[in-house]
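Worksheet: one structure, shown below.
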Amino acid sequence: MIGCDKFCTYCVVPTTRGPEQSRRPSQVATEVRTLAGQGVREVTLIGQTVNSYSHVEDGRTWRLADLLESIHDIEGIERIKFVTNYPRDMDTGLLEAVRDLPKVSRYLHVPAQSGSDTVLQRMKRGYTVEQYREMMGRINDIVPGCAVSSDFIVGFCGETDEDFEASVRLVQECRFKNSFIFKYSPRSGTKADDRLADDVPESVKRERNARLLQEQTRICEEDNAGFIGQSVDVLVEGPSKMAQKQLKQKSFVAPHPVPGVELTDDSGEDIVTLEPLAELA
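First residue of the sequence shown? That's 133 in this note's numbering, and the numbers climb one at a time after it.
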């Protein structure tokens, strides 16, 4: 998919990339088969709001769940991911596909952006905090153990201490497997830049960013300790750029790698089973 129809006040995507456009299912399947023939083991379906996918082909309306099912049995592909998701479009059919299709990773990235209804309304995100909580409940009910990560913007226009504390509470309640946290900065051409005052001091933005990151890190450390002694499937992507003699790899069950995986040969992309012996930081 390309484009977006959501028009959040801080975002330039709808004006720079245009409206949502979903590629033909047959085109996607052909590309996945080509990649599989080249030795690719994992594919990721990408869109600004990928779970809004909708395309009419031969009189049939295809949604993302249908697309996942259509590429699931392509030989050579062993794992399928999709990002990024819009909370309001996280429907039951898609979650059932994640649950029922073994190759689809049980990992969902669903940006919340704030835990405050006031801020969400100012951002024009199109949902309330309670609706986000209800979505998390559906995920947990339909796909038990699913790893969910999120995005947060701190210091958005008019964000008060109370608004920020609401974001902290949402992180604590949802226990995201990871959160990507950003300090708000105005983007030229957005409604927020045109109509809202960037009135949160930079020092406060930094403090809030550090505080929310600290809380998310604490949750990650607690949850990651539970992986010790378990067998975990990972996709080995090749030698790590961060540490000599280690492998760059990603876990099937969480949006982060298992640390300390030693390089033993020159093999490229492969899927192996590991047993973590230390916490995943």
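All C-beta atoms in this analysis are idealised placements derived from N, C-alpha and C, irrespective of residue type, glycine included.
Taking only three categories from DSSP, how would you classify GLY150? It is coil, neither helix nor strand.
Quick one: Cα of ASN434 to Cα of GLU297, how far? Limits of the chain in this structure are 133 at one end and 413 at the other, which puts residue 434 out of reach.
Boundaries of the beta strand (DSSP E) in which ARG192 is found, first to last residue: Taken as a continuous stretch (DSSP letters only), the beta strand (DSSP E) holding ARG192 covers 192–195.
Hey, could you find the ends of the beta strand (DSSP E) LYS213 is sitting in? Looking at the DSSP string, the run of the beta strand (DSSP E) that includes LYS213 is 211–215.
Are the CB atoms of LEU344 and CYS289 nearer to each other than 7 Å? For LEU344 and CYS289, no; Cβs fall outside 7 Å.
Check this for me: beta carbons of GLY321 and THR147, under 7 Å apart or not? Result yes, Cβ atoms of GLY321 and THR147 sit closer than 7 Å.
Classify PRO243 as buried or exposed, calling it buried when 16 or more other Cβ atoms lie within 10 Å of its own Cβ. Residue environment analysis places PRO243 among the buried positions, since at least 16 neighbouring C-beta atoms fall within 10 angstroms of its C-beta.
Suppose the cutoff is 7 Å on Cβ atoms and the five residues either side in sequence are ignored; what does the same chain contact list for VAL215 look like? Answer for VAL215: THR176, ILE178, VAL182, HIS241, listed in chain order.
By Cβ distance below 6 Å, which residues in the same chain neighbour ARG149 in space, the five residues on each side in sequence not counted? Cβ neighbours of ARG149 beyond the five flanking positions: ILE134, GLY135.
For a test of the three-state rule: what should DSSP assign to ASP457, helix, strand or coil? For residue 457 there is no data in the structure shown, the boundaries of the chain being 133 and 413.
Assess, as a yes-or-no matter, whether the stretch 299–310 is touched by the stretch 332–339 under the definition of 3 or more beta carbon pairs within less than 8 Å. By the Cβ test, the stretch 332–339 is not in contact with the stretch 299–310, since fewer than three Cβ pairs between them sit closer than 8 Å.
Looking at C-alpha atoms only, which residue of GLN180, LYS138, GLU228, GLY358 is the closest neighbour of PRO276? For PRO276, the closest C-alpha among the options GLN180, LYS138, GLU228, GLY358 is that of GLU228.
Taking just the CA atoms, how far does ASN341 sit from PHE314? Straight-line Cα distance between these residues: approximately 7 Å.
I need the DSSP call for TYR142, collapsed to helix, strand or coil. In the three-state DSSP reduction, TYR142 falls in the coil class, being neither helix nor strand.
By how many angstroms is the C-alpha of GLY191 removed from the C-alpha of ARG350? Spanning the two alpha carbons is a distance of roughly 50 Å.
Note the first and the last residue of the continuous alpha helix (DSSP H) segment covering GLU207. No alpha helix (DSSP H) holds GLU207; DSSP gives it neither H nor E.
Run the CB neighbour count on ARG254, radius 10 Å, all protein chains shown included, and call it buried at 16 or more, exposed below. Buried, since its Cβ has 16 or more Cβ neighbours within 10 Å.
How many Å lie between PRO151 and SER184 at the Cα? Straight-line Cα distance between these residues: approximately 12 Å.
What would DSSP say about SER281, mapped onto helix, strand or coil? DSSP places SER281 in the strand class (E or B) of the three-state scheme.
For MET133, does the three-state DSSP call read helix, strand or coil? Look at MET133 here: in three-state DSSP terms it is coil, with no helix or strand label.
Counting beta carbon pairs with one atom in the stretch 192–201 and one in the stretch 225–239, are three or more of them shorter than 8 Å? Touching, yes.
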